[in-house]
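Participant: Would you mind keeping the following structure in view while I ask a few things?
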Amino acid sequence: MPKVDVTPRWRQVVIQLGKGAHDARREAFDIVSFVGRVATWTAGALLHPSRLRPASISRHVAETGIHALPIIA
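Right under this line is the structure:
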């Protein structure tokens, strides 16, 4: 019968803590990156409102809102 290596409990805890910290750092970076992109886009829209296309925006709102209700229901 082959011998199975047993990882000590303290080492398992340290590994799990490291994985949790790594995942938390990645999630925090993703959130900060998303907020930064939203802030950049919003600032650009406020500084250059002529670049906004109201017809396109209203069409997207209708497609993602009103037309999506049957799918959600």
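Each residue of the sequence shown is one higher than the last, beginning at -6 in the numbering used here.
Glycine is no exception: its CB is placed at the ideal position from the N, C-alpha and C atoms.
Going by DSSP, what residue range makes up the alpha helix (DSSP H) through His15?
Facilitator: His15 -> alpha helix (DSSP H) spans 2 to 40.
Participant: Mapping DSSP to helix, strand and coil, what is Pro47?
Facilitator: Of the three classes helix, strand and coil, the one that applies to Pro47 here is helix, per DSSP.
Participant: Is DSSP giving Pro63 helix, strand or coil here?
Facilitator: Correct three-state label for Pro63: helix.
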